[in-house]
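Undergrad:
Protein chains in written order, with my numbering: chain A, 144 to 358; chain B, 144 to 358.
#1: Tell me, to the nearest whole angstrom, how far the beta carbon of residue 166 of chain A is from that of residue 176 of chain A; I am working on the premise that it is less than 8 Å.
#2: What does the Cβ neighbour count give for residue 153 of chain A, buried or exposed, with the cut at 16 atoms within 10 Å?
#3: What does the Cβ neighbour count give for residue 194 of chain B, buried or exposed, with the cut at 16 atoms within 10 Å?
#4: With a threshold of 8 Å on Cβ separation, who are the neighbours of residue 350 of chain B within its own chain once the five nearest residues in sequence on each side are excluded?
#5: Any idea if residue 253 of chain B is buried or exposed, counting beta-carbon neighbours within 10 angstroms, 16 or more meaning buried?
#6: Going along chain B in order, which residues have a C-beta closer than 8 Å to the C-beta of residue 231 of chain A?
#7: Measuring straight from C-alpha to C-alpha, what distance separates residue 237 of chain A and residue 265 of chain A?
#8: Where do the ends of the alpha helix (DSSP H) carrying residue 268 of chain B lie?
#9: According to DSSP, is residue 182 of chain A helix, strand or coil?
#10: Buried or exposed: residue 168 of chain A, going by 16 or more other Cβ atoms within 10 Å of its Cβ?
#11: Just to make sure I have the definition right: I need the residues of chain A whose C-beta is within less than 8 Å of the C-beta of residue 331 of chain B. Which are they?
#12: Using 8 Å as the limit for Cβ to Cβ distance, is residue 207 of chain A near chain B?
#13: For residue 249 of chain B, count the other beta carbons within 10 Å of its own beta carbon; 16 or more makes it buried, fewer makes it exposed. Which is it?
#14: Answer with buried or exposed for residue 358 of chain A, where buried requires no fewer than 16 other C-beta atoms within 10 angstroms of its C-beta.
#15: Cutting at 6 Å between CB atoms, please list the residues of its own chain near residue 241 of chain B, excluding the five before and the five after it.
#16: Taking all protein chains shown into account, decide if residue 155 of chain A is buried (16 or more other Cβ within 10 angstroms of its Cβ) or exposed.
#17: Is any beta-carbon of chain B found at less than 8 Å from that of residue 323 of chain A?
#18: Drop a sphere of 10 angstroms on the beta-carbon of residue 317 of chain A, count the other beta-carbons inside from all chains shown, and report buried for 16 or more, exposed for fewer.
#19: Is the beta carbon of residue 311 of chain A less than 8 Å from the beta carbon of residue 320 of chain B?
#20: Take residue 149 of chain A as the anchor and find which of A:209, A:340, A:196 has the nearest alpha-carbon.
#21: Consult DSSP for residue 251 of chain B and reduce its assignment to one of helix, strand or coil.
#22: Taking 8 Å as the CB-CB limit, is residue 306 of chain A close to chain B?
#23: What number of angstroms, rounded off, separates the C-alpha of residue 292 of chain A from the C-alpha of residue 332 of chain A?
#24: Got a sec: is the Cβ-Cβ distance from residue 221 of chain A to anything in chain B below 8 Å?
#25: Quick one: grab the DSSP three-state call for residue 232 of chain A.
#26: Do you know offhand how far residue 346 of chain A's Cα is from residue 289 of chain B's?
#27: Of the residues that make up the segment 307 to 319 of chain A, which ones have a beta carbon closer than 7 Å to any beta carbon in chain B?
#28: Just reading off the alpha helix (DSSP H) that residue 299 of chain B is part of, what are its end residues?
#29: Taking just the CA atoms, how far does residue 170 of chain A sit from residue 239 of chain B?
#30: In chain B, which residues lie less than 7 Å from residue 214 of chain A when you measure between Cβ atoms?
#31: What in chain B is Cβ-close to residue 224 of chain A, meaning under 9 Å?
#32: So, at 8 Å on beta carbons, what are the nonlocal neighbours of residue 301 of chain B in its own chain, with the 5 sequence-adjacent residues on each side left out?
#33: May I ask you to report which of helix, strand or coil DSSP gives residue 340 of chain B?
#34: Measure from the alpha carbon of residue 275 of chain A to the alpha carbon of each residue in A:202, A:259, A:234, then state which is nearest.
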């Protein structure tokens, strides 16, 4: 019985890693769609986000089945409850990335980014991709150093998010309202994506140490 | 034993209703702060959102304790798993409302809303308040008519959200980038707040009927 339970927990873990990897692929396609006005990549990101949503629901059903048949307690129970939350975060990350793809799609063949903010968004996209790759790695192999790196990198994303507003609200910002709306929303989506990675990393740290590192 | 479990479930229900009522109070204060540039109300909303977050965590701990001691299966298990998700939604709603309060605080003593969008935001705030009141009612007493009203009202919020962008992107929009950023983000927060009410109502409907009405 114990052995089956361990197999089930490992199945939950594998599926969480897959969700994280897919969230990374969605963000990769979405951010390239956004940076390069590539509508094919945008459509691929949108389709993948839908697939990820349905995989997250499947994972939730698996967790409910394991809770029901194994009635776990203590740490095992917390792992499964955390899996439900992490699956919600990973689904949401796919959805946030797909909103970025939708902006690119909406503005096509035009660009959604004015040149003055291109570098900022390139940096944000790169950090988000590094963060989600670290989340997948952390889910595969708990490493508290990685959890600390995630915290620091999220702060860098927050700084870039504030930088977007500094540029947009500066007196020399001459772009039209469409650019202002697009970069405001896109920046928010990149920032929330990183927040979810921090949530995931806090949950993994908590399961490891019994202490919340943040939140 | 059964009796204790029913008491625990009813305690979970009461706490969810309280979270919903508090989310409503936060939105009431935040939207009045935003509409009337009232910094006292903004601070109250921000403080309440923090309290709601800690109450949501307490509820999660209660649910984990009940899962651990009662090992529920079938519908009882689904109620508790749904409670975890609804508590996450209700916490997030408080947080979204507090972002609206933060915009009001940030722009004080100025206003964050240009006159041309005042009516749209008043309508959005009213709908969000009606929606969260319906969520609390639905948690207290499952009523599938109420769940249908919630769906329809969320669509009205989505229309107002699109209306904000129509106004901002119209050729006669002459407001500065600060107004554009503020109304873009505020509109997004009002819209997401309503989305969470729909999520909660879908979960209540599912527990009642076994069928998802949306998502």
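Just so you know, even glycine gets a beta-carbon here, dropped at the ideal spot from N, CA and C.
TA: Per the coordinate set shown:
#1: No, residue 166 of chain A and residue 176 of chain A are not in contact; Cβ-Cβ is about 15 Å, not under 8 Å.
#2: An exposed status is given to residue 153 of chain A, since fewer than 16 other beta-carbon atoms sit within 10 Å of its beta-carbon.
#3: exposed
#4: 218, 221, 222, 225, 285
#5: With fewer than 16 Cβ atoms within 10 Å of its Cβ, residue 253 of chain B is classed as exposed.
#6: 228, 231
#7: CA-to-CA, the gap between residue 237 of chain A and residue 265 of chain A works out to about 18 Å.
#8: 258 to 283 is the span of the alpha helix (DSSP H), which, as asked, contains residue 268 of chain B.
#9: helix
#10: By the C-beta density criterion, residue 168 of chain A is buried, having at least 16 other C-beta atoms within 10 angstroms.
#11: 328, 331
#12: yes
#13: exposed
#14: Confidence is the limiting factor: at residue 358 of chain A the pLDDT is only 40, short of 50, which leaves the residue's position unreliable and the question unanswerable from this model.
#15: Cβ neighbours of residue 241 of chain B beyond the five flanking positions: 188, 189, 192.
#16: buried
#17: yes
#18: Classification for residue 317 of chain A: exposed.
#19: yes
#20: A:209
#21: In the three-state scheme derived from DSSP, where H, G and I count as helix and E and B as strand, residue 251 of chain B is classed as coil.
#22: For residue 306 of chain A, not one C-beta of chain B is nearer than 8 Å to its own C-beta.
#23: 21 Å
#24: yes
#25: Of the three classes helix, strand and coil, the one that applies to residue 232 of chain A here is helix, per DSSP.
#26: As the crow flies, the alpha-carbon of residue 346 of chain A is around 35 Å from that of residue 289 of chain B.
#27: 308, 311, 312, 316
#28: 287 to 312
#29: 23 Å
#30: 214
#31: 203, 206, 207, 210, 224, 227
#32: 334, 337
#33: Helix, per DSSP.
#34: A:234
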